[in-house]
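In the working numbering, the protein residues as written are 6 to 937. All residues carry an ideal CB built from backbone N, CA and C; glycine is no exception. Below is one structure, written out as structure tokens; the observations come after it.
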Amino acid sequence: MTGYATRIRSLFDEIDNTPWGPQEQSLVAQAVALAQESGDERLEYEARLRQTSSANMGGDTDLMLTSFAWCLAHHDADPERFPAEVEGAGDVLWQYKWMASALGSSPEFPTEQIAAVLDDMEAHYRRAGVGPSGVLMARFEDAWAAGRLDEAADLQRTLEATPRDDYSHCDACVRSQFAGFFIETGREEEAIRLVGEMIENGFSCGEEPEHALARILLPYLRAGMLDDARTAHLRSYRLAKENPDNLAIVAKNVVFCAVTGNEARALALVERHLSWLVHDGLDADAHATALGAFALALDAVAAAGHPGLTVRGSDAEALVPVFGAHNGPWRVDELAAAAWSAAGDIAAAFDRRNGTDAHTRNLARLREVGTEHYDVPIRSHDFSTVVAPAPVLTREDRVARAVALAHAASSAAIDPLRGLLTDADPAEGVVLSSHLLGGLVATDRIVEAEAFLPERLTILRAAGHAAQADLEERLGLVLFGHDLAAAGDTLGAELAAAVGAPAAVQADLVSTRGVAKMYEGSFAEARDDARAGVRLFLEAGDAVRAQGARLLAVDAAASASLFDEARADLDDLLAGSLSDGRRARALASKARLHGVAEEFAEGAAAADEAARLLLSLGADDVRIAESFVLAGALHEDAGAASLAAGRYRTAVERYESAGAPTADPRYRLGRAMISAGMPEEAVDALHQVLSDETAAEVPAGSRAITVGLLARAYEGARDFGNAVGAWGFAADLHEEAGEAEGQAFALVAQGRHLGNFGEYDDSVIALETALGLTAGTEEQVGLHAEALHLLAQAKMQRGDEDAYEVIDQALALGRANEAHWYVADVLDTRARLLAAHQRTDEAVATALQAADGFAQAGDPGSGAGSELLAARLLVGAERPGDALPLYRAAIEHATESENEPLRQQAALELGDVYEGLGRHGEAADVRATTSA
């Protein structure tokens, strides 16, 4: 094998083991390029077969068509050298099924060309001796897409009667396509049945089940299957959201959000996927679908009272061909109108090409969908975290906004500051240039800052600040925050030499040294320097810079644990006149101080107001995200998990928009969602965290924490099968990290679920492993005790002879630690084991011991369960009279603990016992207390 061949075959192996996506596409491109370079057309054929499939899955229609045409030409010219199917690479006849659909998805291709492709496909299939199913499906899809519904219906019926063959669509695709056709032709019940079969049987393929789940959302809603619709939406969107080729799937999920009262979520999805409108220039059908869905969603947002919000990302240059030119981001109401218009234009182009009015009718039907409303709250987003920036009209307004952004430490100040400097007067130039240098240094744009410094010095001298210019010329960028951690001595020397210098120069030096002291961890000294800076700035007549120094003093005092002083100074500062940017920073400091004092609700309110101010200023996404993380943390600590989730969600979206990592806020989001009763949404968030952490090769111990939280989310969603797998994975990761405690905890959780599933052998293995990890560790006695009890239950169910021995160990451990409730619970388990071995008298006595123990532990409800067990055992032993007082005790204690299901069950059984004893009146009385 040549060197080229070896490298290309190695790439093929890597491609075939890489999921669809950017990495796989890059590998395929490398393989094609190498094959072309090598001149080996057979290797290029295999590479291009892979490229056709890759482009189809990635939504690159142009590349797919080009690659397929090359492969088909070579196959037709020499079928022996270039066979239709190359194992592992692809099958040109199978890929033929995508071509007519691809051409039909753009009005640029005439119907004659599409018909020719279908005829050529049929000819190839006949020559190859292939069955007609694949061609019939392609013709059905073409007729349906073009609006020739009678023809499509005939083809659909023919397909159902046609035997399946090797080139038939898979079960998932057939059901999904037929379901979509049935929905469009008014047969929604049949569509629901088909999708139900698909989900129940676990049918899936490249874009299924996410496409079918998206299609069935509206039929579910109309049929009153609201929980099914909610579950389908969450699953469909989770599976579709990363691949731009799934634009039409995402669009249907956006419509779902718009008509179910989730307008804020709909807006977030629109903002996230706007860029996909220009992903595949030849998939105009998906573009029209998405544009209509986005327009519908934006109308819903406007109707919910937010027409003036700006749509983030709508000002992207790439979107100008879609919506037209616009000054800045579009408003919600404006973009809705533009999207409807663009969708209408595409629909009209399709209808002209197809000679029907199908696309225009579909768009009209979509508008009608906007009048439907269903209550399916998802609670992942809310409008409390969305504020439109205030309008800026005059130059004075623009200066104030730019300075406020600088006071907020937002990088969004940089460009406005540059623009304003072009025509600033000397005094204004001093302020603006200072903020510009500070912003450049803060964003690590040091080369730009160094290049601008000479201009800053010129501005200072022109304004009569020669001493300040000389200082900055000596220190360079130090006064603007560069390399401050190592600048303490230099600043000290400058201060010593600055005696007699203007107060503003001394103020700048001493406050900058205060910041350097913060870096050093010398907080008390930093506080003193900041206070000196305040005094000197005021002496120089610069009250605005004095405010900045006061805020530094507050932060230094807080860092030095002088919380009362920090709060008093901060309250005084906030009582004065501040720019919105500086007020936002002060409120963030106030929020943190409330957090230190465990005044979480007050802190959350302050953080929310800080975030609102930053939004109204138009601060950069990272700065806004940081403020929402702070607000989310305080809401979470205050027990307002739903509010916390909304803040964390906004933080995630802002970090995503800035291209910054999202694992930390997304993890927080998942945690808050679990607490807020949104476990399905938490699963979505935490899956993404785990994916990001895996890609970043985060250490196993950290990933184990994420997987453990994911397992809890699965439990909350009652998806116990996936919870078992997640706990097992968490245990493996903890073991890899050498964390025995975490491994044991995960194994106990897994063992509990396995026992509940009746997988007793696996449960015993997990629990015995956990016991080995926790044995002899006093700090893990609680976990060890739980594992012992669960192991006893699993062994009891398995019929192990040593089950009694394990129970006795658990009892001894509980009694030694005076764990009264635990002892009672283990006694209840022992009673059930004795009952299983027909040792009725011992079982009854033990159950009553358990009931007494629960009562002693203050849990009469659990005691009622033990009493009911004892009563049933006596009835089974033909001692119904002895059972009567136990039933009555169970009813009394169940009533006391408000355990209505248990009370009802005990009352029903007591009625039956009375009836058997011939005490019919008492039976009637007790039955009258039940709902049966």
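Can the beta-carbon of Ser632 be found less than 8 Å from the beta-carbon of Ala612? Here residue 632 is taken as the residue at index 627 of the sequence shown, counted from 1. Here residue 612 is taken as the residue at index 607 of the sequence shown, counted from 1. Ala612 is positioned such that its CB atom lies closer than 8 Å to that of Ser632.
Would you be able to state if there are at least three C-beta pairs under 8 Å between the segment 737-745 and the segment 693-713? By the C-beta criterion, the segment 693-713 is judged to be in contact with the segment 737-745, since at least 3 inter-stretch pairs fall below 8 Å.
If the criterion is Cβ atoms closer than 8 Å, does the pair Ser516 and Ala535 meet it? Against the sequence shown, residue 516 aligns to sequence position 511. Against the sequence shown, residue 535 aligns to sequence position 530. Yes, the pair counts as a contact, with Cβ atoms nearer than the cut-off.
State the DSSP-derived secondary structure class of Thr315, mapped to helix, strand or coil. Indexing the sequence shown from 1 puts residue 315 at position 310. In the structure shown, Thr315 sits in a strand (DSSP, three-state: E or B).
By Cβ distance below 7 Å, which residues in the same chain neighbour Ala894 in space, the five residues on each side in sequence not counted? In the sequence shown, residue 894 corresponds to position 889, counting from 1. Glu872.
Expressed to the nearest angstrom, what Euclidean distance is found between the alpha-carbon atoms of Ala928 and Leu891? Along the sequence shown, one-based indexing puts residue 928 at 923. Along the sequence shown, one-based indexing puts residue 891 at 886. Using only the alpha carbons, I get a separation of about 16 Å.
Compute the beta-carbon to beta-carbon distance between Phe187 and Glu193, rounded to the nearest angstrom, for a pair I have assumed lies under 8 Å. Against the sequence shown, residue 187 aligns to sequence position 182. Against the sequence shown, residue 193 aligns to sequence position 188. Sure, about 7 Å apart at Cβ, within 8 Å.
Using the Cα positions of Leu371 and Ala718, report the straight-line distance between them to the nearest angstrom. Within the sequence shown, the letter at position 366 stands for residue 371. Within the sequence shown, the letter at position 713 stands for residue 718. If you take the alpha carbons of Leu371 and Ala718, they lie about 35 Å apart.
Name the DSSP beta bridge partners of Ala96, please? What you label residue 96 is simply residue 91 of the sequence shown in a count that begins at 1. As written in the sequence, residue 96 is Asp, which differs from the Ala given in the question. Its beta-bridge partners are Glu90.
Would you identify the three-state DSSP class for Ala175, choosing helix, strand or coil? Taking the first residue of the sequence shown as position 1, residue 175 is located at position 170. According to the sequence displayed, residue 175 carries Cys and not Ala. It is coil, neither helix nor strand.
Suppose you measure from the CA of Leu922 to the CA of Pro885; what does that come to, to the nearest Å? Here residue 922 refers to the residue found at position 917 of the sequence shown. Here residue 885 refers to the residue found at position 880 of the sequence shown. One C-alpha to the other measures close to 8 Å.
Looking only at its chain, what residues have a beta carbon closer than 7 Å to the beta carbon of Leu108, apart from the 5 residues adjacent to it on each side? The count along the sequence shown starts at 1 and reaches residue 108 at position 103. Closer than 7 Å at Cβ, skipping near neighbours: Phe114, Gln118, Ile119 and Val122.
Below 8 Å, can you find three or more Cβ-Cβ pairs linking the segment 531-546 to the segment 497-511? yes
State whether the segment 819-836 contacts the segment 854-872, with contact taken as three or more CB pairs (one from each stretch) at a distance under 8 Å. yes
In the DSSP assignment, find the alpha helix (DSSP H) that holds Phe762 and state where it starts and stops. Counting from one through the sequence shown, the residue named residue 762 turns up at place 757. Taken as a continuous stretch (DSSP letters only), Phe762 belongs to no alpha helix (DSSP H), as it is neither H nor E.
Going by DSSP, what residues sit across from Cys210 in a beta bridge? Here residue 210 refers to the residue found at position 205 of the sequence shown. Partner(s): Glu213.
With a cut-off of 8 Å on the beta carbons, I'd call Pro334 and Arg357 a contact; round off their distance for me. Within the sequence shown, numbered from 1, the residue matching residue 334 stands at position 329. Within the sequence shown, numbered from 1, the residue matching residue 357 stands at position 352. Actually they do not touch by this definition, with Cβ atoms about 33 Å apart.
By Cβ distance below 6 Å, which residues in the same chain neighbour Phe725 in space, the five residues on each side in sequence not counted? Working through the sequence shown from its first residue, we reach residue 725 at position 720. Result list for Phe725: His758, in chain order.
Name the two residues that bound the continuous alpha helix (DSSP H) containing Val436. Residue mapping note: residue 436 aligns to position 431 of the sequence shown, counting from 1. Where Val436 is concerned, the enclosing alpha helix (DSSP H) stretches over Pro431 to Ala447.
Selection from Gly858, Glu806 and Val849 that minimises the alpha carbon distance to Arg820: Mapped onto the sequence shown, residue 820 falls at position 815. Taking only the C-alpha atoms, the option nearest Arg820 is Gly858.
First and last residue of the uninterrupted alpha helix (DSSP H) at Leu838: As a working note, residue 838 is residue 833 in the sequence shown. First-last of the alpha helix (DSSP H) with Leu838: His825 to Ala841.
Are Ala630 and Glu641 closer than 8 Å when you measure CB to CB? Counted from its first residue, the sequence shown places residue 630 at position 625. Counted from its first residue, the sequence shown places residue 641 at position 636. Not a contact, by the Cβ cut-off of 8 Å.
Gly637 beta carbon less than 8 Å from that of Tyr653: Position 648 of the sequence shown, counted from the first residue, corresponds to residue 653. Position 632 of the sequence shown, counted from the first residue, corresponds to residue 637. Taking 8 Å as the Cβ cut-off, Tyr653 and Gly637 qualify as a contacting pair.
Expected contact under 8 Å - CB spacing of Gly787 and Glu744 to nearest Å: Residue numbering aside, residue 787 sits at position 782 when the sequence shown is read from its first letter. Residue numbering aside, residue 744 sits at position 739 when the sequence shown is read from its first letter. About 17 Å; that fails the 8 Å criterion.
Under the assumption that Leu583 contacts Val559 (Cβ atoms under 8 Å), give the Cβ distance between them as a whole number of angstroms. In the sequence shown, counting from the first residue as 1, residue 583 sits at position 578. In the sequence shown, counting from the first residue as 1, residue 559 sits at position 554. Their Cβ separation, rounded to whole angstroms, is 13 Å, which puts Leu583 and Val559 out of contact at 8 Å.
Quick one: give me the first and last residue of the alpha helix (DSSP H) that Glu641 is part of. Taking the first residue of the sequence shown as 1, we reach residue 641 at position 636. For Glu641, the enclosing alpha helix (DSSP H) starts and ends at Asp626 to Asp642.
Cα separation between Leu793 and Ala815? The count along the sequence shown starts at 1 and reaches residue 793 at position 788. The count along the sequence shown starts at 1 and reaches residue 815 at position 810. Straight-line Cα distance between these residues: approximately 6 Å.
If you draw a straight line from the alpha carbon of Leu772 to that of Leu838, how long is it in whole angstroms? Taking the first residue of the sequence shown as 1, we reach residue 772 at position 767. Taking the first residue of the sequence shown as 1, we reach residue 838 at position 833. Answer to the nearest angstrom: the Cα atoms are 19 Å apart.
Out of Asp625, Gly44 and Met104, which one is the CA nearest neighbour of Ser72? As a first step, residue 72 must be located in the sequence shown, where it is residue number 67. Minimum Cα distance to Ser72 is reached at Met104.
Enumerate in chain order the residues of its own chain whose CB-to-CB distance from Gly497 is below 7 Å, with the five nearest sequence positions on each side excluded. Against the sequence shown, residue 497 aligns to sequence position 492. Here the set comprises Arg518.
So what's Thr935 in DSSP terms, helix, strand or just coil? What you label residue 935 is simply residue 930 of the sequence shown in a count that begins at 1. DSSP, read as helix, strand or coil, puts Thr935 in coil.
How close, in whole Å, do the beta carbons of Val381 and Ala234 come, if the pair is a contact with beta carbons under 8 Å? Taking the sequence shown and counting its residues from 1, one reaches residue 381 at position 376. Taking the sequence shown and counting its residues from 1, one reaches residue 234 at position 229. Sure, about 6 Å apart at Cβ, within 8 Å.
Would you kindly work out how many angstroms separate the C-alpha atoms of Gln798 and Ala911, rounded to a whole number? Stepping through the sequence shown from its first residue, residue 798 is reached at position 793. Stepping through the sequence shown from its first residue, residue 911 is reached at position 906. The straight-line gap from Cα to Cα measures roughly 24 Å.
Going by the CB atoms, is the gap between Leu160 and Arg180 shorter than 8 Å? Locating residue 180 in the sequence shown gives position 175, counting from the first residue. Locating residue 160 in the sequence shown gives position 155, counting from the first residue. At a Cβ-Cβ threshold of 8 Å, Arg180 and Leu160 do not count as neighbours.
Answer with buried or exposed for Asn22, where buried requires no fewer than 16 other C-beta atoms within 10 angstroms of its C-beta. Here the question's residue 22 lines up with position 17 in the sequence shown. By the neighbour-count criterion, in which 16 or more other beta carbons inside 10 Å mark a residue as buried, Asn22 falls on the exposed side.
Three Cβ pairs or more, each shorter than 8 Å: is that satisfied between the segment 154-168 and the segment 200-215? no
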